[in-house]
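Oh and the sequence shown: position 132 is 163 in the working numbering, straight run, nothing missing. Ideal placement from N, C-alpha and C gives every residue a C-beta, glycine not left out. Keep in mind the model is a prediction, meaning the values are calculated, not measured. One structure is given here, and the rest of the page talks about it.
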Amino acid sequence: MGNEIKYLVGQEIEQFVPLVPYSDSACNFLNDLSNEILKDNRCKNFPDIISVAFFARKGNIQRLKKSFLDDNFRLGKGLAFHITPSNIPVQFIFSYFFGLLAGNTNIVRVPSKDFPQVDLLCDVMNTVLAKDEHKPIKNITAIVQYDRASDWTKIFSAQCQVRLIWGGDATIDNIRKIPLPPRATELVFADRYSLAILNESAVANLSDSELKRLARDFYNDTYLVDQNACSSPHLILWQADNNNVGREKFWSAVEKIAQDRYDFPPIKATGKYTIFCQNAIDFPQSGTLTKSDNYLYRANVTNLSNNIDNLRGKFGLFYEHNVSSLEDLKGVVNEKYQTLTYFGFSAKELADIVLKNRWLGIDRIVPVGKSLDIGVIWDGYDLIGQMSRIIFFE
């Protein structure tokens with residue numbers, strides 16, 4: 032590809048004129064985009080694209096707007112340059128949404144790797160942006176694709192007021208070597224680690240329909256993205272009872288849903304087994320494998336060391352450990368910990384433990400089924416606040 036650049040949406044942007052956060056033009060565009068996605072039959076085959084539509088719907092955007100607006104006068108900072116990851120196909124458009132809602136012109140680099148979700152979303156965006164009423168948004172939108180070895184990252188970095196980097200630690204380290212203007216803001220979304228905590232007695236007392244719903248929600252948190260998302264749990268903590276009935280019921284229900292829904296080619300089966308074997312070498316505290324077929328692997332962890340965040344699963348490989356409470360993570364949680372999903376607890380009691388212990392990590396505490404629900408508060412950032420500026424006067 033060399034130094035070539037491909038504009039999937041929009042074209043070269045000449046002026047970076049900020050809007051107010053949650054401007055009418057941005058909100059109206061997002062609602063029209065949501066409607067267009069939902070009526071496009073091609074999009075219905077992709078649950079992650081449908082989640083984009085639900086985020087962009089009018090009711091959700093108005094709720095976010097109401098919760099954000101204060102007495103301050105704000106404008107977007109100017110140009111937001113987004114470098115998005117290759118492991119979650121729809122991440123690019125959420126990053127774009129945040130930049131647009133904050134009032135910025137946006138240049139979004141999508142990976143060179145081909146994803147049908149990226150192609151579809153860009154196609155729908157072009158349809159909506161072709162309408163006359165959305166010309167102001169079209170003029171401040173560019174979704175681009177170029178080779179990572181080209182000069183475009185340097186060019187856009189030199190122009191931007193905000194740079195967002197989504198990716199692994201090595202990717203972030205390399206891009207951070209590229210200078211920014213002196214007043215530019217940089218937001219990085221690095222490699223994170225997530226886990227879940229379940230109350231075994233609460234699971235054991237579920238009806239069949241409730242258990243199926245919980246298993247489906249867990250499947251959506253994990254299998255749906257092959258556990259690639261930073262918010263997908265790898266370690267499952269059990270507040271255990273004496274007979275493990277709830278645990279076995281839960282895993283049986285998860286396995287059944289995986290058998291019914293999960294696309295599981297042989298390469299994933301061999302990949303999962305390879306990961307398990309490597310983990311067994313690297314982490315002596317990871318126990319023996321429990322499985323009835325290839326769809327679900329479980330392994331006990333005998334103790335929680337301070338490097339347990341490097342113990343990862345994929346394609347339906349999970350590690351589990353018994354705890355008396357979340358307090359058992361004292362001395363273990365570090366800044367890499369992002370999302371804690373839960374069942375059978377109140378969010379407040381878990382948040383109280385995080386605050387009491389003043390942990391460096393765990394930025395999100397959400398119910399099982401909500402781990403992938405990205406929002407304007409992410410990785411501890413208030414994204415709209417970070418990407419807009421306050422005009423102070425008295």
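CB contact flag (residue i, residue j, <8 Å)
| i | j | result |
| --- | --- | --- |
| L195 | A133 | no |
| S419 | P52 | yes |
| I228 | Y373 | yes |
| G344 | I306 | yes |
| T180 | Y38 | As written in the sequence, residue 180 is Ala, which differs from the Thr given in the question. No; because the gap between Cβ atoms is not below 8 Å, this pair is not in contact. |
| L245 | V399 | yes |
| K108 | V193 | yes |
| I44 | I138 | yes |
| G198 | P78 | no |
| L64 | V155 | yes |
| E358 | I384 | yes |
| N259 | N76 | no |
| S188 | I209 | yes |
| Q176 | V141 | yes |
Beta bridge counterpart(s) of residue i as assigned by DSSP
| i | result |
| --- | --- |
| W269 | L229, N353 |
| F374 | L229 |
| G41 | A173 |
| S317 | V332 |
| D204 | DSSP lists no partner for D204. |
| F220 | W197 |
| F104 | I422 |
| P21 | Residue 21 lies beyond the residue range present for the chain, which begins at 32 and ends at 425; the question has no answer from this structure. |
| A111 | N137, V193 |
| R395 | T370 |
| I36 | Y177 |
| I408 | D413 |
| L348 | Y328 |
Beta-carbon contacts of residue i that lie in its chain and below 8 Å, excluding the five residues immediately before and after
| i | result |
| --- | --- |
| E366 | L391, G392 |
| G302 | K345, F346 |
| H165 | S56, N59, F60, D63, V159 |
| L320 | F307, Y328, R329, A330 |
| V407 | L95, F99, F129, L132, D413, L414, I415 |
7 Å CB neighbourhood of residue i in its chain, flanking five on each side removed
| i | result |
| --- | --- |
| S263 | S225, D252, T253, V256, S402 |
| S317 | N310, A311, A330, V332, L342, Y350 |
| Q417 | T216, L218 |
| N135 | P49, G107, K108, G109, L110, A111, V193, M418 |
| R73 | L151 |
heavy atom of the ligand PLP below 7 Å from residue i C-beta
| i | result |
| --- | --- |
| L335 | Inclusion of the ligand PLP in the displayed structure is not the case, the ligand content being empty and no account of it being possible. |
Contact set for residue i: own chain, Cβ-Cβ below 6 Å, skip 5 residues either direction
| i | result |
| --- | --- |
| I203 | I196, V219, A221 |
| A233 | G375 |
| D200 | A221, D222 |
| N353 | W269, A271 |
| A87 | L61, L64, S65 |
| C261 | R223, Q369 |
| P167 | S56 |
| N338 | none |
| H265 | R343, G344 |
Closest by C-alpha distance to residue i, when choosing among the options
| i | options | result |
| --- | --- | --- |
| E35 | P120, D79, S143 | S143 |
| V276 | L237, K379, I206 | L237 |
| K280 | D163, Q122, N230, Q258 | N230 |
| I171 | H265, G41, N337 | G41 |
| K89 | Q122, K70, N66, D71 | N66 |
| A284 | C261, R247, I421 | R247 |
| I267 | P297, N334, N205 | N334 |
| N91 | D404, I421, K70, V175 | D404 |
| L360 | L69, D340, F249 | D340 |
| I206 | I114, G362, S54, N338 | I114 |
Do the region 277-297 and the region 310-326 touch if we need at least three Cβ pairs shorter than 8 Å?
-> Judged by Cβ distances under 8 Å, the region 277-297 makes contact with the region 310-326, as three or more pairs qualify.
Would you check if there are 3 or more beta carbon pairs closer than 8 Å linking the region 376-392 to the region 101-121?
-> Segments in contact, no.
Counting Cβ pairs, one atom from each stretch, are 3 or more of them under 8 Å apart for the region 116-129 and the region 79-89?
-> Verdict: yes, contact present.
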